[in-house]
Amino acid sequence: MYLGRVIGNIWSTVKDERLTGQRLLVVQPLTPELKPTGKQLICTDAMGCGAGELIYWVKGKEACMPFLPTEVPVDTTIVGIVDEVHVDRNK
Amino acid sequence: MYLGRVIGNIWSTVKDERLTGQRLLVVQPLTPELKPTGKQLICTDAMGCGAGELIYWVKGKEACMPFLPTEVPVDTTIVGIVDEVHVDRNK
Amino acid sequence: MYLGRVIGNIWSTVKDERLTGQRLLVVQPLTPELKPTGKQLICTDAMGCGAGELIYWVKGKEACMPFLPTEVPVDTTIVGIVDEVHVDRNK
Amino acid sequence: MYLGRVIGNIWSTVKDERLTGQRLLVVQPLTPELKPTGKQLICTDAMGCGAGELIYWVKGKEACMPFLPTEVPVDTTIVGIVDEVHVDRNK
Amino acid sequence: MYLGRVIGNIWSTVKDERLTGQRLLVVQPLTPELKPTGKQLICTDAMGCGAGELIYWVKGKEACMPFLPTEVPVDTTIVGIVDEVHVDRNK
Chain E
1 MYLGRVIGNI
11 WSTVKDERLT
21 GQRLLVVQPL
31 TPELKPTGKQ
41 LICTDAMGCG
51 AGELIYWVKG
61 KEACMPFLPT
71 EVPVDTTIVG
81 IVDEVHVDRN
91 K
Chain R
1 MYLGRVIGNI
11 WSTVKDERLT
21 GQRLLVVQPL
31 TPELKPTGKQ
41 LICTDAMGCG
51 AGELIYWVKG
61 KEACMPFLPT
71 EVPVDTTIVG
81 IVDEVHVDRN
91 K
Chain B
1 MYLGRVIGNI
11 WSTVKDERLT
21 GQRLLVVQPL
31 TPELKPTGKQ
41 LICTDAMGCG
51 AGELIYWVKG
61 KEACMPFLPT
71 EVPVDTTIVG
81 IVDEVHVDRN
91 K
Chain G
1 MYLGRVIGNI
11 WSTVKDERLT
21 GQRLLVVQPL
31 TPELKPTGKQ
41 LICTDAMGCG
51 AGELIYWVKG
61 KEACMPFLPT
71 EVPVDTTIVG
81 IVDEVHVDRN
91 K
Chain V
1 MYLGRVIGNI
11 WSTVKDERLT
21 GQRLLVVQPL
31 TPELKPTGKQ
41 LICTDAMGCG
51 AGELIYWVKG
61 KEACMPFLPT
71 EVPVDTTIVG
81 IVDEVHVDRN
91 K
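Chains as they are written, first to last, in the working numbering: chain E, 1 to 91; chain R, 1 to 91; chain B, 1 to 91; chain G, 1 to 91; chain V, 1 to 91.
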């Protein structure tokens, strides 16, 4: 999984019908030190996240899992909200 | 999913037979600020997109889903058209 | 899918038995303007491509599809030959 | 698989319910010479790793396998602890 | 598939039990001109490769195929040994 922050959302009316009712959030990937890293992407949200929230997301086939048994055509999904990150680079 | 803009198409007569009837669009990935980012790719189109349209696309196994139960050998598919993008980087 | 050009091939006698009879072509990825971009790779060929040909290829699990029901252990396969590429960046 | 070192962990209370009880470790990818390379990520841990430990991890659909038959929505999982790395670049 | 050379191996005693008996080789990806390119990785070996050998490998879900019906949690596997590479960039 990858760290990120919710920085926005997109509106879309014409879309694959299985995407109906899914929120589409713009996510900025972050390092564990919470610095932006890499390209922003659009995640579906299985958690009810708000703007600015620190989250982690999965990509690939696993991104569909929270929506099973419906096979939603998504490849990036938020699966949790981060309370705290602990990093010790000296170890 | 990833933001992009339709910037062209390709014609192909010799192809895997399950690709027959699929439109093949050239897509330029974009940032949420709609700046080009990364390599152009070829997406199938499940939405009926036109040139210049702002879209989002999925990659990987999920790209086949709009065409199920036929197993079309594609790995990148447009699944929606973007109405609006909202980004607030201060949050 | 991604644009590319066939620039060579490889010979291999010791290989997974399900690869027997598969041609292994060296492909240079291209931009829509047909400039080289990114790393060369080895694709199986479901189309009968020749050297120098302009093609498009899929990656990931989808690369197995042209060979089903045999589960060939490949992750990159040529699925079509390009006749023409149209790109209009002003749109 | 890819080499890495466990450099931290994250706490998360709001998450997909199938992630309950999974430890979420922050991993720094390494070269075979044990130099940091590329972006840190969050792995689930099927091995009981401690901070500072040298490990290898899988990504993609395979990351779910240690948890089957439960379909846990993860895409990066530690599957082993490294005892020794031998590299001979002259060969 | 991708070209590479076997440049080492790793020893690991604590690992997912389905990895028992699998050799874990360190692979340096190569261009068709046999220059190093990109990050080294750890591949399982379905071919019995030796150090220094020129090989090609698959990544993703396909990497499990040589070990089916056992679902081994691997994402990169050597599937063949290269005899010769032919590249003609003028075509």
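Here a beta-carbon is modelled for each residue, glycine too, at the ideal position from N, C-alpha and C. Model, not experiment: these values are computed from the prediction.
Simplified DSSP state of residue i, which is helix, strand or coil
i, result
"residue 43 (chain R)", "strand"
"residue 62 (chain G)", "helix"
"residue 5 (chain B)", "strand"
"residue 71 (chain R)", "coil"
"residue 84 (chain V)", "strand"
"residue 54 (chain E)", "strand"
Given residue i as reference, the closest of the options once Cα atoms are compared
i, options, result
"residue 88 (chain B)", "R:8, R:4, R:2 and R:3", "R:8"
"residue 33 (chain G)", "G:79, G:5, G:19 and G:69", "G:5"
"residue 75 (chain V)", "V:17, V:39, V:83 and V:65", "V:65"
"residue 72 (chain R)", "R:2, R:24 and R:3", "R:24"
"residue 27 (chain E)", "E:55, E:1, E:21 and E:85", "E:55"
"residue 35 (chain R)", "R:2, R:50 and R:44", "R:2"
"residue 14 (chain V)", "G:69, G:61, G:68 and G:49", "G:49"
"residue 51 (chain B)", "B:85, B:86, B:16 and B:81", "B:81"
"residue 18 (chain V)", "G:85, G:86, G:68 and G:84", "G:68"
"residue 83 (chain E)", "E:39, E:53, E:43 and E:61", "E:53"
"residue 46 (chain R)", "R:11, R:77 and R:12", "R:77"
"residue 44 (chain B)", "B:58, B:29, B:37 and B:38", "B:58"
"residue 20 (chain B)", "B:79, B:62 and B:70", "B:70"
"residue 40 (chain G)", "E:42, E:30 and E:39", "E:30"
"residue 79 (chain R)", "E:38, E:85 and E:16", "E:16"
"residue 10 (chain E)", "E:42, E:85 and E:61", "E:42"
"residue 22 (chain V)", "V:85, V:86 and V:63", "V:63"
Segment limits, beta strand (DSSP E) that includes residue i
i, result
"residue 29 (chain G)", "24 to 29"
Name the residues in the region 47 to 62 of chain V whose C-beta lies less than 7 Å from a C-beta of chain B; which are they? 47, 56, 58, 59, 60, 61 and 62
Near-chain G residues of the region 62 to 90 of chain V (beta-carbon distance less than 9 Å), N- to C-terminal order: 63, 64, 71, 72, 73, 74, 75 and 76
Taking a cut of 7 Å between CB atoms, which residues from the region 20 to 36 of chain B lie near chain R? 31 and 32
Looking at chain G, which residues of the region 7 to 21 of chain V have a Cβ within less than 8 Å of any of its Cβ atoms? 7, 8, 9, 10, 11, 12, 13, 14, 15, 16, 18 and 19
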